[in-house]
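Heads up, the thing below is written out as structure tokens.
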């Protein structure tokens, strides 16, 4: 394809491996972040979702863009729709990362972003990943260090997906028109409960890690005690309702459709990151 690929959130869990994957494919990349520094050898581009003045320079010379909501924000419509409008005005293809299940109701903010993209007239692909395997290295790592994963998931299961598979799927969507106009629910190869995940982690780190199925209130208290704002803590707690209801247990072949290979299982992800889990 002609033109560069713009990767927003290029320093993140998906953004960095996506930049690396695009480079491996020989694709010219602009790695966007607030600092504008180069990422993984890619040209850097300063980008701030809250500053439309940064949009034009970032989109210059770009044929397609990977768009996602930065961690810590709860207003996908306010942050992402202006970015989509800027891309559409320049006929830039958008590969949008939302989340599994947001298409259940058009009133869901993320779904409103998807609808804005679908109506924009620009080529697009929508990726809806399930819960990230990488959360065990980030959000749940402090608990793992203390031998417990305390989340309000009940007995619900999730088909955890490795960020590397999201990046691989995004790279395929960004560099081909074969998937345009479609939405893909991205999952790992199997659904596991948090007790099962804790058992796998125990085997990798060589010490017991248990699962404590706390309720929403206890989870919010845990997060606010760690310095997270109350509103955002409540939002994070609400994300576990679909888990408890069994809505995140489905398994799809979307990763294989997009990349030509099967997704990475949670057990493999944990072994690949054993050193980080033990640190």
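Residue numbers (this note's numbering): 2 to 280. C-beta: ideal position from N, C-alpha, C; glycine also.
- Would you kindly work out how many angstroms separate the C-alpha atoms of residue 123 and residue 91, rounded to a whole number? 9 Å
- Integer-rounded CB distance, given that residue 266 should sit under 8 Å from residue 191: 6 Å
- Message: Distance check for residue 36 and residue 275, CA to CA, integer angstroms please.
- Response: 30 Å
- Return yes when the Cβ of residue 114 is within less than 9 Å of the Cβ of residue 153, no when it is not. no
- Query: Do you know offhand how far residue 104's Cα is from residue 184's?
  - Reply: 10 Å
- Under 9 Å between the Cβ atoms of residue 199 and residue 210? yes
- Message: Quick check on the burial criterion: 16 or more other C-beta atoms within 10 angstroms. Buried or exposed for residue 239?
- Response: exposed
- Query: Is DSSP giving residue 267 helix, strand or coil here?
  - Reply: helix
- Task: For residue 150, write down the residues that DSSP places opposite it in a beta bridge.
- Result: 212
- Are residue 33 and residue 45 closer than 9 Å when you measure CB to CB? yes
- Query: Got a sec? Which residues, its chain only, sit under 8 Å from residue 143 by beta carbon, not counting five neighbours each side?
  - Reply: 227
- Proximity below 9 Å, CB of residue 30 to CB of residue 9: no
- Helix, strand or coil for residue 192 per DSSP? coil
- Helix, strand or coil: how does DSSP classify residue 125 here? strand
- State the start and end residues of the unbroken alpha helix (DSSP H) segment that holds residue 21. 16 to 25
- Item | Where the beta strand (DSSP E) containing residue 183 begins and where it ends | 183 to 187
- Start-to-end residues for the beta strand (DSSP E) that takes in residue 31: 30 to 34
- Between the CA atoms of residue 169 and residue 136 - distance to the nearest angstrom: 18 Å
- With a Cβ-Cβ cutoff of 9 Å, do residue 68 and residue 145 count as a contact? no
- Query: Since residue 163 contacts residue 134 with CB under 8 Å, what's their CB separation in whole angstroms?
  - Reply: 5 Å
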